[in-house]
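Read the structure below first, then the notes.
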Amino acid sequence: MAHAPKQAWHRKPQTAVLAAVAAGLYPIFFYFSSNWALVNSWEHFGYFLGMFIGVPLLVFSLAHWATHRWISPKWARYVLPFLNIFVFLFLLKICLHAGIHKKLTLGILLLAALIAYFLHSHFKKIVGIQLLLAGIGLFTLVPEMLKHRNFDMAWLEQPDAIEQTTFKHTPNIYYIQPDGYVNPSELRRGYYEIEDFEMTTYFDSKGFQNYPNFRSNYPSTLTSNTSLFSMKHHYYNGSETFNEGVHLRDIIVSENPVLKTLKYNGYETHLLLERPYLLLNRPDLGYDHCNFNYSDIAYIGTGLGKRRDLSLPLVQMMAEKEDDRPQFYFIELFDPSHIATSESVSQGVAQEKEKWLQQLQTANGKLKKITTLILEKDPQALIIISGDHGGFVGMNYTQEIYTKTQDRDRIYSMFSTILAIHWPETIQPQWDQEFRSSVNLFRILFAELSESQQLIQNLQPDNSYVILKKGAPQGIYTYIDGDGAIISEPMTPQ
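Numbers given in our numbering equal positions in the sequence shown, counted from 1, plus 1023.
Take a look at the structure:
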């Protein structure tokens, strides 16, 4: 009895399904394991499942159906291999470099065509390799997911009842954070050498009190803001990078001791961002209002695209506020920022400094505009201007932070931040001499607002911490102690 000829593998309907899944699965696991802190939401899961698996499934199935009806077998055998390889490489490109990138996409298109033409007979092996890579990716992803899921958040607990502190003064509070804005006391020395700093005169004319030698405890936006709004040290939460960590965006944006204390005292809260960097993983918003909607934010990206002007949304929020409630505004500006992040894009110490100084002028213009606007409408506002970290001027690129140094000016360039406060006339600060570092900023402010000296008894150490990988055993080190002295003491077992 004659047997029907064996159907070629690429002609089987299930092959289209398997090829589509194989093309999208590894890129998903690769991106999630490398960026879990940015994509740990159900919305991201649904998006990646739909775009990286669902769309290829539809395209591959339609292509398989069409080619075996209208294209000769001679050419039909190339279609699925081409689609599989193109989609696999294109999705990896998207994971590494968000956007279309016409030249790179064209290169992937040509490469996929060549591989499909010359290696179509090995298509089953190619799909097998992709599935093997997906298995390896899943093996890498699971520990990262478990680390975030099981991380102990007990470190956020306060040593006292500060979250239930009752304020005696409830002015409207505007916390303005210009990214990478160095303290004027440091701008006059070290690698900055700005003798005539224009903003000192401006702040004096507007009634701001400047606090010299103030600094951050951590050298990045996320790590610094997490300790700021937690009023506690996190010591990087076991992270190996200085700019990311476990649940940092969720703490800053969703729930933290500072927001709890403000809400306990009836504050209506507002979040104004030039860029959606703090919202990338779509955390639950703990603020009552925000100038970004999640529909405005791409699922893949850095959150560091075009800046939004904050003047108009600030005016709108001030006009639409509830009259019987005090207001808190967190206003994040992305200037002057810092020097280049990596060696590949650095233009060298001198050129990076020049770019930073230009960005400082931009930041000064924004600060003048926003503070003038606030004081015109709210002359008795409590306005705090404080950076999140230093500008890193004097270094080639920020990742040099991982290499040990005892250069005082270089270390202060990482951590020095401005602190200028406009106090309402009703508040005569009693403990502002305690301002040394950002981890204690809100605790001291809340002590002033509640007139409670007891809160001052539980200040955190005013140390600044760094992660070192070169020139010393890898680990977390104290770089600046509470008195401002340069040291290098390990915080973790080596």
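Cβ coordinates follow ideal geometry from the N, Cα and C atoms, glycine included.
TODO: Thinking Thr-1426 and Thr-1284 are a contact (beta carbons under 8 Å), I'd like their distance in whole angstroms, please.
DONE: Actually they are not in contact, since the Cβ atoms of Thr-1426 and Thr-1284 sit about 39 Å apart, beyond 8 Å.
TODO: Measure the beta-carbon distance from Phe-1353 to Leu-1294 and round it to whole angstroms, keeping in mind my assumption that it falls under 8 Å.
DONE: That pair is a contact at about 5 Å.
TODO: Could you check how far apart the C-beta atoms of Gly-1413 and Pro-1242 are, in whole angstroms? I think they sit under 8 Å.
DONE: The C-beta separation of Gly-1413 from Pro-1242 comes to about 7 Å, placing the pair in contact by the 8 Å criterion.
Task: Neighbourhood of Tyr-1215 by C-beta distance below 7 Å, restricted to the same chain and skipping five residues each side - done: Val-1205, Glu-1209, Val-1416
TODO: Mind the definition here: the stretch 1321–1334 touches the stretch 1298–1310 only if three or more C-beta pairs lie below 8 Å; say whether that holds.
DONE: yes
TODO: Spatial neighbours of Asn-1481 within its chain, please: CB distance less than 6 Å, with the 5 preceding and 5 following residues excluded, ordered by chain position.
DONE: Pro-1182, Asp-1183
Task: One or two residues paired with Ala-1443 in a DSSP bridge - done: Asn-1233, Ile-1408
- [ ] Could you spell out the range, first to last residue, of the beta strand (DSSP E) harbouring Ile-1199?
- [x] 1196–1201
Open item on the list: Do Ile-1503 and Ser-1487 count as a contact pair if the criterion is CB distance below 8 Å?
Closed with: Yes, the Cβ-Cβ distance between Ser-1487 and Ile-1503 is below 8 Å.
Open item on the list: If you reduce the DSSP assignment to three classes, tell me which class Val-1269 lands in.
Closed with: coil
TODO: Measure the Cβ-Cβ separation of Phe-1190 and Leu-1472 and say whether it is below 8 Å.
DONE: yes
TODO: Starting from the Cα of Tyr-1234, find the closest Cα among Pro-1496, Ser-1439, Thr-1501 and give me that residue.
DONE: Answer by Cα proximity: Ser-1439.
- [ ] With DSSP as the reference, label Pro-1050 as helix, strand or coil.
- [x] helix
Open item on the list: With the cut-off set at 8 Å, would you say Tyr-1225 and Ile-1407 are in Cβ contact?
Closed with: no
TODO: Counting only the same chain and skipping the five closest in sequence on each side, list residues whose C-beta sits under 8 Å from that of Arg-1519.
DONE: Any property of residue 1519 remains undetermined from this structure, which presents the chain solely from 1024 to 1517.
Open item on the list: Assess contact between the stretch 1392–1400 and the stretch 1419–1434, defined as three or more Cβ pairs (one per stretch) separated by less than 8 Å. Is contact present?
Closed with: no
Task: chain B within 8 Å of Ile-1051, Cβ atoms only - done: Given the protein chain composition of this structure (a single chain), no chain B is represented.
TODO: Taking all protein chains shown into account, decide if Thr-1038 is buried (16 or more other Cβ within 10 angstroms of its Cβ) or exposed.
DONE: buried
Task: Length of the line joining the Cα atoms of Ser-1511 and Leu-1491 - done: 10 Å
- [ ] Let me know if Ile-1424 comes out buried or exposed under the rule of 16 or more other beta-carbons within 10 Å of its beta-carbon.
- [x] buried
Open item on the list: Below 8 Å, how does it come out for the stretch 1157–1168 and the stretch 1131–1141: are there three or more Cβ pairs, yes or no?
Closed with: no
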